[in-house]
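*Asks:*
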Amino acid sequence: MAIQTRLDRDNCSPGGIDGRWGSKSRNALIAWQLKHDRPPTGEISADILQRLGATNDLMTTCMVTAADHAALTPTPTSWLERSRMERLGFATIEEKMAETYHLYRAALRKLNPRAPWPNPPPGIHLVVPNVRARPLPALSRIDIHVSKKYLRAYDSEGRLAAHFPCSIAADPRKRPIGDTLHVTVWAENPDYTFDPELFANDPESATIGKRLRIPPGPNNPVGVAWIGLDRPGFGIHGSPSPEEISRTESLGCFRLTNWDAAKLVRAVHAGLPVRVLP
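Take the working numbering: the last position of the sequence shown gets the number 403, and nothing is skipped along the way.
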């Protein structure tokens, strides 16, 4: 977890912090090595540990509050029921703390085995990663690597600024490999428009027969951020399911964890190139 937390702080995201060294963590380390002019081996060494810095501040504690509980909302599965909500907030304290501190829920439970999950009461202190990510600089381009399932963003001088795992479209026809798209609009905490024509395999869609406004919140289908591109239906956005990032599942967009999407949306601008690479 210590190495993953350090990488996350430097905007080289391993996805969710979980203490396991898999492909997402290795890709994050390779990005960090490229960012700091080191050989991109993806291997942990004494030199890497030294350059990543001290590890004595990588864990901290947080306290569950009454306000945390008051902000919880149900998360209906029906599109119609979701459209009637004012906000699609966190459903449990477990979900809120996991997303706030950039880790998977199983890892949060492992760090706090005595907490009464999923909803520890107010006053309980939890051990969590001490995530302190730096804001991204102004960006000159975004590259999405389809086969490797990650997104990389570059600063105004062309230097690597961020690396985020992403999910891509399940339909190969919706992966515009070789094309350069451009950012047109962006929003934090966006609404989502449910269009039944896009969910032909969903039995509920046939019974609705109209578009619905789905309210904002972390459990909105596009999460806490939307970056629209100059192709209908294409965008970069967050996700209510961080554990599923880097899988092939989107309808025609590029999904990030909510915490990575929240960083990226604050650094984009109109006309920013987004290259879709093999």
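Cβ coordinates follow ideal geometry from the N, Cα and C atoms, glycine included. Small disclaimer: the values here were computed from a predicted structure and weren't measured.
In this structure, does DSSP put V390 in helix, strand or coil?
*Replies:* Stepping through the sequence shown from its first residue, residue 390 is reached at position 265. Note: V390 maps to helix in three-state DSSP.
*Asks:* State the CB to CB distance for the pair L251 and C187, rounded to an integer number of angstroms; the pair is presumed to be in contact (CB under 8 Å).
*Replies:* Taking the sequence shown and counting its residues from 1, the one referred to as residue 251 is at position 126. Taking the sequence shown and counting its residues from 1, the one referred to as residue 187 is at position 62. The pair is a contact, with the Cβ atoms about 6 Å apart (cut-off 8 Å).
*Asks:* I need the straight-line Cα distance from V189 to P246, nearest angstrom please.
*Replies:* Along the sequence shown, one-based indexing puts residue 189 at 64. Along the sequence shown, one-based indexing puts residue 246 at 121. Distance between the alpha carbons of V189 and P246 is about 7 Å.
*Asks:* When we look at the beta-carbon of I155 and count the other beta-carbons within 10 Å, is it buried (16 or more) or exposed?
*Replies:* By 1-based counting over the sequence shown, the position of residue 155 is 30. Result: buried.
*Asks:* Taking 6 Å as the limit between beta carbons, can you name the residues of its chain near G141, skipping five residues before and five after?
*Replies:* Residue 141 sits at position 16 when you count from the first residue of the sequence shown. Around G141: L228, Y229, P367.
*Asks:* First and last residue of the alpha helix (DSSP H) that includes E206?
*Replies:* Reading the sequence shown from its first residue, position 81 is the one you call residue 206. Per DSSP, E206 belongs to the alpha helix (DSSP H) from 204-208.
*Asks:* Quick one: what's got a C-beta closer than 6 Å to A278's C-beta in the same chain, skipping five residues either side?
*Replies:* As a first step, residue 278 must be located in the sequence shown, where it is residue number 153. Result list for A278: L264, I267, A286, A287, in chain order.
*Asks:* Let's see if you can read the secondary structure: which residues bound the alpha helix (DSSP H) around T332?
*Replies:* Counting from one through the sequence shown, the residue named residue 332 turns up at place 207. From DSSP, the alpha helix (DSSP H) with T332 extends over 328-333.
*Asks:* Would you kindly work out how many angstroms separate the C-alpha atoms of N314 and L177, rounded to a whole number?
*Replies:* Taking the sequence shown and counting its residues from 1, the one referred to as residue 314 is at position 189. Taking the sequence shown and counting its residues from 1, the one referred to as residue 177 is at position 52. Rounded to whole angstroms, N314 to L177 spans 33 Å at the Cα level.
*Asks:* What do you reckon, are the CB atoms on A258 and N181 nearer than 7 Å?
*Replies:* Residue 258 sits at position 133 when you count from the first residue of the sequence shown. Residue 181 sits at position 56 when you count from the first residue of the sequence shown. Cβ distance not < 7 Å, so A258 and N181 don't count as in contact.
*Asks:* Pick out whichever of A191, E211, D193, A192 has its Cα sitting closest to the Cα of T200.
*Replies:* To locate residue 200, count along the sequence shown from 1; it is residue 75. When each option's Cα is compared against that of T200, the closest is E211.
*Asks:* Can you check the segment 161-225 for any alpha helix (DSSP H) of at least 4 residues that lies completely inside it and give the ranges in chain order?
*Replies:* 171-177, 191-195, 204-208, 218-225
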